[in-house]
């Protein structure tokens, strides 16, 4: 669902309000806030746009880099990170 939200934010030139996010994902406003925060952590290029009396969030330039297949180096790093997390419990 978080990736769906990111795709929606990238597809909207003007961005999405929290109420629009909640409506599109069929969740409550607080859940939409948490999901927006997760998108902000994953995609630092998210922009906050003031649209009084609300705010909008968008991802300018789309998600093309994110949606590409990972390189061999990235896969190796992910494998190492997963093994480290498994070892930590």
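Numbering (the numbering used here), first residue to last: 327 to 415. Even for Gly, the Cβ is constructed at its ideal location relative to N, Cα and C. In this text the structure is predicted, and so the values were computed from the model without any measurement.
According to the Cβ coordinates, are residue 404 and residue 332 closer than 8 Å? no
Given a cut-off of 8 Å on the beta-carbon distance, is the pair residue 372 and residue 347 in contact? no
If you measure between the beta carbons of residue 360 and residue 344, is that distance less than 8 Å? no
Length-filtered (4 minimum) alpha helix (DSSP H) runs lying within the stretch 352-403: 355-368 and 390-393
If we ignore side chains and look at the alpha-carbon of each, how far apart do residue 407 and residue 414 end up? 11 Å
Can you tell me the Cβ-Cβ gap for residue 382 and residue 341, rounded? I've got them flagged as a contact below 8 Å. 3 Å
Can you give me the start and stop residues for the alpha helix (DSSP H) that residue 334 sits inside? 328-337
List the DSSP bridge partners of residue 342. Partner(s): 383.
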